[in-house]
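**Q** Below is the structure I would like to discuss, written out as C-alpha cells.
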C-alpha cells in the first residue's frame, strides 16, 4: 500500500531538515513543537522506517532522509511552479488561443484585433486558421478550436452562437461622380460594372433581388470568392462593389470611398464557441475583446465618409 502523505507533511519535513531541529522548525512554521514532532512521526509511520536518529534530544537525519528531502523538494517546487502558472492563466498572461476565421476577417480585421489583445501578453500563443465559414463552423463544432468568427451558420447543438448583423456598403472609385451621393440605389447603379461574390452567396442573392425590384439591370463584371479583392478592382476604377462592413471598415482601400446602399443588405457574422467544453478564462477575455471590436465597426465605418 502506498504511503498517504500530505503536502503539509512534506513542507514540515523540509523545514525540519533545513533548520536542523524541531524547535526551530516549529517557530518558522508557526506551530507547536509537539505538533511538528507528531507530523514527523506520522511521516515515518507512513513510510515504514525512521528518517532521524534521536539522541540526547537532537535529530540526526538518516541517509534515507536526505534522499527523501530531494524528492519532497522536487514535489513542492513543482507545485509552486504550477500554482504560479495557474495564477498567470487567471491574469491572462499565459495560455494559448486557437482561432478560426472566415476570409473577410482574416486579412486585416482579426490579425489587428489579435495583435491588440496580445501586445502585453508575450507568453500567450495563438493559432489563427483561415477557412471558409462552413469549415470554421465545423472546426468549432468538433470542439477543436476555442473560438471562431464566420458568417452566421444554421443553429446546431455543438456550437454557441453570438450574431452581429452588419449592413453592407457600396465601394466606389473616389473619382466617380456617383461618389458625391451619400446613399446609392439600384437605379443609380443601373448597368454600372460591379464586382460581386459567387452566385449563391446570400449577399449576391439579396443584391440581385434589390436590382430586380427596381427593374435595374445588374452588370456583374467580376465574380469573386471573397470581398477583399474587390477593393483593388474598385481602386483601379474598374467597377463598384457590394462589400461587407468588416472589409470596408478595416481594409486598406486607396482610391476607394464607401457609401450606404438602399435597400439595406445585411451581412450577418457570428462569434462561435464550442458548446461541449468549458471556455477558458483567456478565450472568454478574447471573446469580449473581439465582441467590442465588432460593435465598433459602425463607428469605424462612419469615420471613412
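In my numbering, the protein residues as written are 9 to 313. Glycine residues also receive a C-beta, built at the ideal position from the N, C-alpha and C atoms. Since this is a predicted model, take the numbers as computed values, not measurements.
What first and last residue would you give for the alpha helix (DSSP H) that runs through residue 113?
**A** Sequence index remark: in the chain shown, residue 113 carries index 105 (1-based). Note, residue 113: alpha helix (DSSP H), 111-114.
**Q** Within the continuous alpha helix (DSSP H) that includes residue 135, where are the two ends?
**A** Mapped onto the chain shown, residue 135 falls at position 127. That residue, residue 135, is in no alpha helix (DSSP H); its beta strand (DSSP E) goes 132-138.
**Q** Using the C-alpha atoms, what's the distance from residue 198 back to residue 298?
**A** In the chain shown, residue 298 corresponds to position 290, counting from 1. In the chain shown, residue 198 corresponds to position 190, counting from 1. Cα-Cα distance, rounded: 38 Å.
**Q** Please name the residue, chosen from 128, 284, 134, 175, that lies closest to residue 268 on a Cα-to-Cα basis.
**A** Here residue 268 corresponds to residue number 260 of the chain shown, with the count starting at 1. Nearest of 128, 284, 134, 175 to residue 268, Cα basis: 175.
**Q** Note down, in chain order, each residue of its chain lying with its Cβ closer than 8 Å to the Cβ of residue 195, except the 5 sequence neighbours on either side.
**A** As a working note, residue 195 is residue 187 in the chain shown. 222, 224, listed in sequence order.
**Q** For residue 50, report the span of its alpha helix (DSSP H) as first-last.
**A** Numbered from its first residue, the chain shown carries residue 50 at position 42. DSSP places residue 50 in the uninterrupted alpha helix (DSSP H) bounded by 41-55.
**Q** Could you work out which residue in 240, 248, 52, 155 is closest to residue 226 when comparing CA atoms only?
**A** One-based indexing of the chain shown puts residue 226 at position 218. Closest by alpha carbon: 248.
**Q** Short check: CB of residue 290 to CB of residue 156, under 8 Å?
**A** Start at 1 with the first residue of the chain shown, and residue 290 comes out as number 282. Start at 1 with the first residue of the chain shown, and residue 156 comes out as number 148. Contact: no.
**Q** Is residue 80 buried or exposed, if buried means 16 or more other CB atoms sit within 10 Å of its CB?
**A** Within the chain shown, residue 80 is the residue found at index 72, counting from 1. With 16 or more other Cβ atoms within 10 Å, it is buried.
**Q** For the putative contact between residue 137 and residue 126, defined by C-beta atoms under 8 Å, what is the C-beta separation to the nearest angstrom?
**A** What you label residue 137 is simply residue 129 of the chain shown in a count that begins at 1. What you label residue 126 is simply residue 118 of the chain shown in a count that begins at 1. Wrong, their Cβ atoms sit about 16 Å apart, outside the cutoff.
**Q** Is the segment 117-136 in contact with the segment 173-192, if contact means three or more CB pairs nearer than 8 Å?
**A** no
**Q** Need the endpoints of the beta strand (DSSP E) that residue 205 sits in, please.
**A** Position 197 of the chain shown holds residue 205. That run of the beta strand (DSSP E) goes 201-205.
**Q** Does DSSP put residue 225 in a helix, a strand or coil?
**A** Here the question's residue 225 lines up with position 217 in the chain shown. Note: residue 225 maps to coil in three-state DSSP.
**Q** Please state whether DSSP places residue 249 in a helix, a strand or coil.
**A** As a first step, residue 249 is located in the chain shown; it is residue number 241 there, counting from the start. If DSSP states are grouped into helix, strand and coil, residue 249 belongs with the strands.
**Q** Would you kindly check if the distance between the Cβ of residue 203 and the Cβ of residue 230 is under 8 Å?
**A** For the purposes of this step, residue 230 is taken as residue 222 along the chain shown, with counting starting at 1. For the purposes of this step, residue 203 is taken as residue 195 along the chain shown, with counting starting at 1. Contact: yes.
**Q** Hey, would you say the C-beta of residue 231 is under 7 Å away from at least one heavy atom of the ligand GDP?
**A** The ligand GDP is absent from the structure shown, which contains no ligand whatsoever.
**Q** Quick one: what's got a C-beta closer than 6 Å to residue 141's C-beta in the same chain, skipping five residues either side?
**A** On the chain shown, residue 141 is found 133 positions in, with the first residue counted as 1. These residues qualify, in order along the chain: 110, 158, 159.
**Q** Looking at the unbroken beta strand (DSSP E) that takes in residue 181, where does it start and where does it end?
**A** For this step, residue 181 is matched to residue 173 along the chain shown. 177-181 is the span of the beta strand (DSSP E), which, as asked, contains residue 181.
**Q** In this structure, how does DSSP classify residue 305 when only helix, strand and coil are distinguished?
**A** If you number the chain shown from 1, residue 305 lands on position 297. Residue state, collapsed to three classes: helix.
**Q** In the DSSP assignment, find the unbroken alpha helix (DSSP H) run with residue 36 in it and report its ends.
**A** Residue mapping note: residue 36 aligns to position 28 of the chain shown, counting from 1. Its alpha helix (DSSP H) spans residues 30-37.
**Q** What did DSSP end up calling residue 173 once you bin it into helix, strand or coil?
**A** To locate residue 173, count along the chain shown from 1; it is residue 165. Correct three-state label for residue 173: strand.
**Q** Does DSSP put residue 15 in a helix, a strand or coil?
**A** Within the chain shown, the letter at position 7 stands for residue 15. In this structure, residue 15 counts as helix in the three-state DSSP scheme.
**Q** Write down the C-beta distance between residue 50 and residue 17 rounded to the nearest angstrom, noting that I regard them as a contact closer than 8 Å.
**A** Residue mapping note: residue 50 aligns to position 42 of the chain shown, counting from 1. Residue mapping note: residue 17 aligns to position 9 of the chain shown, counting from 1. Yes, they are in contact, since the Cβ atoms of residue 50 and residue 17 sit about 7 Å apart, within 8 Å.
**Q** Name the residue from 58, 64, 165, 304 whose alpha carbon lies nearest to the alpha carbon of residue 70.
**A** Along the chain shown, one-based indexing puts residue 70 at 62. Minimum Cα distance to residue 70 is reached at 58.
**Q** Measure the beta-carbon distance from residue 43 to residue 60 and round it to whole angstroms, keeping in mind my assumption that it falls under 8 Å.
**A** For the purposes of this step, residue 43 is taken as residue 35 along the chain shown, with counting starting at 1. For the purposes of this step, residue 60 is taken as residue 52 along the chain shown, with counting starting at 1. No, residue 43 and residue 60 are not in contact; Cβ-Cβ is about 16 Å, not under 8 Å.
**Q** Give the single residue among 244, 275, 277, 163 whose Cα lies nearest to the Cα of residue 262.
**A** For the purposes of this step, residue 262 is identified with residue 254 of the chain shown, where counting begins at 1. It is 244 whose Cα lies nearest to the Cα of residue 262.
**Q** For residue 165, which of helix, strand or coil comes out of DSSP?
**A** Here residue 165 refers to the residue found at position 157 of the chain shown. The answer is coil: DSSP assigns residue 165 none of H, G, I, E or B.
**Q** Would you kindly work out how many angstroms separate the C-alpha atoms of residue 131 and residue 288, rounded to a whole number?
**A** As a position in the chain shown, residue 131 is number 123, starting the count at 1. As a position in the chain shown, residue 288 is number 280, starting the count at 1. The straight-line gap from Cα to Cα measures roughly 16 Å.
**Q** Residue range of the beta strand (DSSP E) that residue 156 falls in?
**A** Position 148 of the chain shown, counted from the start, is the residue given in the question as residue 156. Residues 155-159.
**Q** Only counting the same chain, and skipping five residues up and downstream in sequence, which positions put a Cβ closer than 7 Å to that of residue 108?
**A** For this step, residue 108 is matched to residue 100 along the chain shown. These residues qualify, in order along the chain: 137, 139, 144, 147, 148, 153, 156.
**Q** Do residue 305 and residue 257 have their C-beta atoms closer together than 8 Å?
**A** Residue mapping note: residue 305 aligns to position 297 of the chain shown, counting from 1. Residue mapping note: residue 257 aligns to position 249 of the chain shown, counting from 1. Their beta carbons are under 8 Å apart, which means residue 305 touches residue 257 by this criterion.
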